[in-house]
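The numbering of the sequence shown is the working numbering, which starts it at 850 and goes up by one. To start, the structure under review is shown below, and the notes come after it.
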Amino acid sequence: MHRKEKRLALPLLHLTLLFLNSAVAVAQLLQSKGSEWEGTLEAARKEGKVVVSVPTSADLRKELETGFKKSIPGIELELSVARGASNTNKMVEEQTAGLRSFDLHLGGTTSIISGPLARNLLEPIPPLMLLPEVRDAKNWWGGHIWADNAKKYIYSFTAYVTETVWYNSTLVNPEEITSYDSLLDPKWKGKIAILDPRTPGAGESTWGFLWKAKGEQFLNKLAAQEMLVGRNLRQLGEAVARGKAALSIGLSYYTYLPFIKAGLPVRPLSAVKEGFYAASGSGNVTVLRSAPHPNAAGIFLHWLLSKEGQTAFTKAMGQPTRRLDVDTQWTKEFGHVAAKEALTPEKFDELENSSENVVNKVRRPAMTLAEKLFQ
């Protein structure tokens, strides 16, 4: 071999070795990821089931049970269906007594922040994001968004501008209500239903937004409207759908869905000058510390945050996911405008009403006022 040929061959050999070493490294990395997932899946099937608390929605229950069983056979999905505060209170009571029955919880942030988070009962979520489909921030509008200050315990997978004032269209002309001040009109006295703002939920969330936007004097006047205050979502929704009440505060699409399907005259109020807040609704997931089925919890978490799981959740709840590969344009017809279609991440941060900071600085003081006004 000539000296010139040797000079050309040596760099080529060096590049070839580098390529082979890189290929081996990539293959080992992919094998490692595959092995971690397969190992977790195998261990989850040995555990046999996963226990998840979810909001009171028959459609959500159906979508989760059907979708998870089809995608991940061999693991039973046991759902505890109740309002968020009921389930989180039960979690705290059980953990205090040394019991463990729940693996994950889906719901609003106030009950999580004031319950399991405050008592250090939650497991960090990032280590459970095993596969790139879920772990890569590029798949999510706004990247990864967390409700807790530590940014690892409460993952918010939905984001939208919420409309939680609904009306019976045979009793209310929406053009009559151009501001929240319109709710103080004497004609609505005794005709407004509100989800109890003294307990965590959309009623308390909307009440907190009004506390910040309109002030305590406004809320004093609103409480004097002799509103129908309740905690049973279906009963409050039915009161509006059947015309026993004209408007509701704190109820949203998934409560009204059965009445919408039945063709009853209920619609969200879409235009008030003060606007609406941005929310994550029930689209927050947590994993319990010392969960009884830790591997199955990780598998369910991955499925929930996958394209399939997020499609199922959005379809059932009408609360649009932040996943960029899931269609959410249709949700605006039912009072939930997806943040990814209407806001910048910076504007969402300005309007959001679900984070630990907002809960502590706005929603809790507002709830204290509600406790004084509704006795």
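Virtual Cβ for every residue (Gly too), placed ideally from N, Cα, C. A quick note: this is a predicted structure, and the numbers were derived from the prediction, not measured.
With 16 other Cβ atoms within 10 Å as the buried cut-off, status of residue i
i: residue 912; result: buried
i: residue 1192; result: buried
i: residue 1167; result: buried
i: residue 1144; result: buried
i: residue 1035; result: exposed
i: residue 1069; result: exposed
i: residue 1012; result: buried
i: residue 976; result: exposed
i: residue 1159; result: buried
i: residue 1210; result: exposed
i: residue 865; result: Low confidence applies here, because residue 865 scores a pLDDT of 42, under 50, leaving its location unreliable and the question unanswered by this model.
i: residue 1212; result: buried
i: residue 1047; result: buried
i: residue 1179; result: exposed
i: residue 1204; result: buried
i: residue 885; result: exposed
i: residue 968; result: exposed
Best match in the options for proximity to residue i [C-alpha to C-alpha]
i: residue 906; options: 1129, 1032, 1103, 1161; result: 1103
i: residue 1195; options: 1180, 1127, 1131, 1207; result: 1127
i: residue 1003; options: 1010, 1009, 994; result: 994
i: residue 897; options: 919, 920, 927, 916; result: 927
i: residue 1202; options: 1038, 1056, 920, 966; result: 1056
i: residue 1080; options: 1161, 932, 894, 970; result: 932
i: residue 1181; options: 1175, 1173, 1174, 1169; result: 1169
i: residue 983; options: 971, 1216, 1006, 970; result: 1006
i: residue 938; options: 1093, 1131, 960, 1157; result: 960
i: residue 1217; options: 941, 1082, 1065, 1177; result: 1065
i: residue 1185; options: 1206, 1112, 1163; result: 1163
Pair within 8 angstroms by beta-carbon distance, residue i and residue j
i: residue 1137; j: residue 952; result: yes
i: residue 889; j: residue 1098; result: no
i: residue 986; j: residue 992; result: yes
i: residue 1008; j: residue 1165; result: no
i: residue 1223; j: residue 1072; result: yes
i: residue 1151; j: residue 979; result: yes
i: residue 1054; j: residue 1123; result: no
i: residue 1025; j: residue 1031; result: yes
i: residue 1173; j: residue 936; result: no
i: residue 1042; j: residue 1088; result: yes
i: residue 1094; j: residue 1077; result: yes
i: residue 1131; j: residue 996; result: no
Whole-Å CB distance - residue i paired with residue j, under 8 angstroms assumed
i: residue 900; j: residue 909; result: Not confirmed; about 16 angstroms, so no contact.
i: residue 923; j: residue 1133; result: Not a contact, Cβ separation roughly 27 angstroms.
i: residue 1052; j: residue 1044; result: 3 angstroms
i: residue 1015; j: residue 1117; result: 5 angstroms
i: residue 1100; j: residue 1040; result: No, residue 1100 and residue 1040 are not in contact; Cβ-Cβ is about 15 angstroms, not under 8 angstroms.
i: residue 1049; j: residue 1219; result: Not quite, the Cβ-Cβ distance comes to about 12 angstroms (not below 8 angstroms), so this is no contact.
Minimum Cβ-Cβ distance from residue i to chain D less than 8 angstroms
i: residue 1121; result: Checking the listed chains, one finds no chain D in this structure; it contains a single protein chain.
Starting from the N-terminal side, write out each stretch of the alpha helix (DSSP H) that is 4 residues or longer and does not extend beyond the stretch 1031-1102.
As far as the stretch 1031-1102 is concerned, its whole alpha helix (DSSP H) runs of at least 4 residues are 1051-1063, 1065-1072, 1082-1090.
Segments of 3+ residues assigned as beta strand (DSSP E) that fall wholly inside the stretch 920-968:
Scanning the stretch 920-968 from its first residue to its last, the whole beta strand (DSSP E) runs of 3-plus residues come out as 925-930, 953-955.
As an exercise, report each continuous beta strand (DSSP E) stretch of at least 3 residues that is fully enclosed by the stretch 1103-1138, in chain order.
Counting only runs of 3 or more, we get 1115-1117, 1133-1137.
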